[in-house]
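Notes to accompany the following structure.
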Amino acid sequence: MQTVLIRDIGQYEGKKVTLKGWLYNRRSSGKIQFLIIRDGTGFIQGVMVQAESDPEIYELAASIPQESSIEVQGTVKRDARSPLGYELVLENIVLISEAKDYPISLKEHGVDFLLDHRHLWLRTPRQVAIMRIRNTVVKALRDWLDSRGFCLVDAPILTPAACEGTTTLFETDYFGEKAYLSQSGQLYMEAAAMALGRVYCFGPTFRAEKSKTRRHLIEFWMLEPEMAFVEHEENLAIQEEIVKYVIRTVLEKHRQDLELLQRDISRLEKVLEKPFARMSYDAAIEYLQSQGHDIQWGDDFGAPDETALANLHDGPVFVERFPAAIKAFYMKPDPQRPEVVLAADLLAPEGYGEIIGGSQRIDDMDLLLQRIKEHNLPEEAFQWYLDLRRYGSVPHSGFGIGLERFITWICGLSHLRETIPFPRLLNRIYP
RNA sequence: UCCUCAGUAGCUCAACGGUAGAGCAACCGGCUGUUAACCGGUAGGUUGCAGGUUCGAAUCCUGCCUGGGGAGCCA
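According to the working numbering, the stretch in the first sequence is residues 1 to 431, in order.
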């Protein structure tokens, strides 16, 4: 008899098949019982009628605890009452391993309890849906980049010094020297872009900030493309295209998962309909002041400011040309207005905050050296980075997408901790 | 680091100065189409920890611990 996956069950209508998985739930009504079986690819209801079953097997079925691993044989039957469209008329059940006193019930649980049991929480339909969407988001991002000639170049995770100096880094011992967990692969991608033209890195990044909000993880994944001969305008166009491609792909492949998450799908469809909004930093400040926010030209946006700006639109909005003083040392000044840099943040709608930060980079040797000094960065440590301007410097740009924030927005979640299999949060590193 | 809210049964919560309770889970029983099934029963507690006020504290006060949400910072 063929062992099949629940995902493919429709191909076996009327046939007898074997299924291997776990018992998700059981409902019984005296002489009939329903076993909900999951195998990682889906959920299916198995039906057993006492009068038509082997008494020993019927009794076994009635006694198997939730989340025990089982192997079952049964006949696939079309049934309109099933959300899947099919049921399995069970004929045999083999208990592989009994799960006694499974901690997670089908009722509500608190966040603390669920996070302590993240290794089991992942088994629930909602978490499975999110993990599958995460998989699709990653694949769509990479497919888009690969199809446009980008090359994946892996950045190191152990780094000798702060990339940008601002954020708190995790320190570790590197054979007697200090080393730090990477907070960005960008500087290395600039080197790679001078070798391969268009590149990206995709990996975990670490921030030792004592942040605990629904928008922060200590360890998160970031995709960072970097492109030689690409300037500010084209940089934004590329960001818009890749974001739209990912959303279109998720809408195509995950309607059911999005519905399970109770995502308002029309909000995502709207994003595809028109170009992303654009707003200058200057205009943003003017708007915020008109709304009574306490903010001056030269200040960075706080979270309430960002939300107010994002709420002006029902799609994402680029905020661009920030004061150089509040941005990273490597960002290129606008030639028309050197006090602002050719940088943009992409703010997601619906209060999901910044999902992309990008900029054109300084390609002039003297200016970059000057900025390194102004920021009190160790010149010695940046010699290799300066070499990129010494030897065949070109205009280049790049950006970073925060994977978990992007997924949180796509899925319409209230907290990004559900978008990563094992979230690292402030004071929480178990399991 | 700061602000704020909360810790009571395995889980989710109620009791707000006068004998600690419910739903779910567990266990026993009933039910032939259930969808977090339902119905009846049994068992389950050092109320986060330490101190204080009071005739009497889960409840009021002080300190500590743990967690949630937020600020700052960021993706």
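We treat Cβ as the ideally placed atom computed from N, Cα and C, and that holds for glycine.
field: Three-state class that DSSP yields for glutamate 330 in the structure shown
entry: The sequence given here places tyrosine at residue 330; glutamate does not occur at that position. In this structure, tyrosine 330 counts as coil in the three-state DSSP scheme.
Original post:
What's the gap between the Cα of isoleucine 407 and the Cα of lysine 274?
Top reply: Near 21 Å, if we compare the C-alpha coordinates of lysine 274 and isoleucine 407.
Report the option in Pro421, Asn427 and Leu152 whose CA atom is closest to the CA atom of arginine 118. Pro421
Rounded separation between phenylalanine 220 and threonine 205 - CA only: 5 Å
Drop a sphere of 10 angstroms on the beta-carbon of leucine 312, count the other beta-carbons inside from all chains shown, and report buried for 16 or more, exposed for fewer.
exposed
Rounded straight-line distance, which links the Cα of lysine 244 to that of tyrosine 430: A straight line joining the alpha-carbon of tyrosine 430 with that of lysine 244 spans about 35 Å.
Is isoleucine 356 a contact residue of the ligand FMN, with contact defined as CB to any heavy atom under 7 Å? What this structure holds is no ligand at all, so the ligand FMN is not there to describe.
For this session: State the start and end residues of the unbroken beta strand (DSSP E) segment that holds asparagine 92.
Result: Start and end: 86-97.
Pick from Tyr12, Ala324, Phe329 and Ala344: whose alpha carbon is nearest that of arginine 337? Ala324
**Report entry** Identity of the residue in Met222, Val199 and Ile133 nearest glycine 149 by Cα
**Finding:** Val199
Item to complete: Could you check if valine 317 is buried or exposed, using at least 16 other CB atoms within 10 Å of its CB as the buried criterion?
Response: Result: buried.
Q) In three-state terms, what does DSSP make of isoleucine 242? A) helix
>> If I measure Cβ to Cβ from proline 160 and keep anything under 7 Å in the same chain, skipping five residues before and after, which residues do I get?
In response: Ala179 and Ala381
Decide yes or no for the touch test of the region 67-86 against the region 31-50: beta carbon pairs closer than 8 Å, at least 3 of them.
The region 67-86 makes contact with the region 31-50; the number of CB pairs closer than 8 Å reaches 3 or more.
Cβ-based burial, methionine 227 [other Cβ within 10 Å; buried from 16] | buried
In angstroms, rounded to a whole number, what distance separates the CA positions of histidine 254 and lysine 20?
24 Å
### Selected residue, minimal CA-CA separation from valine 138, among Lys270, Ala62, Phe322 and Ile401
Ile401
Cβ neighbour criterion (16 or more within 10 Å) applied to leucine 106
exposed
Practice problem: Work out the CA separation of phenylalanine 322 and leucine 261 for me, nearest whole Å. | Solution: 36 Å
What residues in its chain sit with their C-beta under 7 Å from that of leucine 5, if we drop five residues either side in the sequence? Asp39 and Thr41
* To do: From the DSSP output, in three-state form, read off proline 55 for me.
  => helix
**OP:** Alpha carbon to alpha carbon, how far is tryptophan 384 from serine 393? Give it in angstroms, no decimals.
**Re:** 13 Å
Where do the N-terminal and C-terminal ends of the beta strand (DSSP E) with serine 147 fall, by residue?
-> Note, serine 147: premise wrong, no beta strand (DSSP E); alpha helix (DSSP H) at 125-147.
*Run the CB neighbour count on aspartate 257, radius 10 Å, all protein chains shown included, and call it buried at 16 or more, exposed below.*
By the neighbour-count rule (16 or more Cβ atoms within 10 Å), aspartate 257 is buried.
| field | Classification of asparagine 235 by the beta-carbon crowding that lies within 10 angstroms, buried from 16 upward | value | Under a 10 Å Cβ-count criterion, asparagine 235 is classified as buried, with 16 or more other Cβ atoms of the shown protein chains found around its own Cβ.
If leucine 196 and cysteine 151 are in contact, beta carbons under 8 Å, what's the gap, nearest whole angstrom? Indeed they touch by this definition, with Cβ atoms about 5 Å apart.
If contacts are defined as beta-carbon pairs under 8 Å, then isoleucine 242 and leucine 120 qualify, I think. What distance do you get, rounded to the angstrom?
So it is not a contact: roughly 35 Å between Cβ atoms.
Q) Under the rule that 16 or more other beta-carbon atoms within 10 Å means buried, what is lysine 100, buried or exposed? A) exposed
(message) What does DSSP give as the partner residue(s) for lysine 77 in the beta ladder?
(response) Glu87
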